[in-house]
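Residue numbers (the working numbering): 218 to 291. In this text, a Cβ means the ideal position worked out from N, Cα and C, and glycines have one as well. Since this is a predicted model, take the numbers as computed values, not measurements. Let me begin by presenting the structure, written as structure tokens, before commenting on it.
Shown next, in the form of structure tokens:
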């Protein structure tokens, strides 16, 4: 589960990482993440990808970065 509270610095780093990964994702990234990680709901993915970020969920961000790296490697 996501950590309850993040410091402002941690939130800034999280937002930076999200902004770096967004351009490398396909439009249906939530579907791809939920198919690879059934424990992650689409709502959690949408909450990370929306602007402003609604939920600072490291598990979702790691899955998105993994997906983006797979796309680049292919």
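- Here residue 250 really is in contact with residue 280; their C-beta atoms are around 5 Å apart, less than 8 Å.
- In the three-state reduction of the DSSP assignment, residue 269 falls in the coil class.
- With distances taken between CA atoms, residue 258 lies nearest to 276 out of 276, 269, 244, 225.
- Following the DSSP letters along the chain, one finds residue 256 in no alpha helix (DSSP H), marked with neither H nor E.
- A buried status is given to residue 278, since no fewer than 16 other beta-carbon atoms sit within 10 Å of its beta-carbon.
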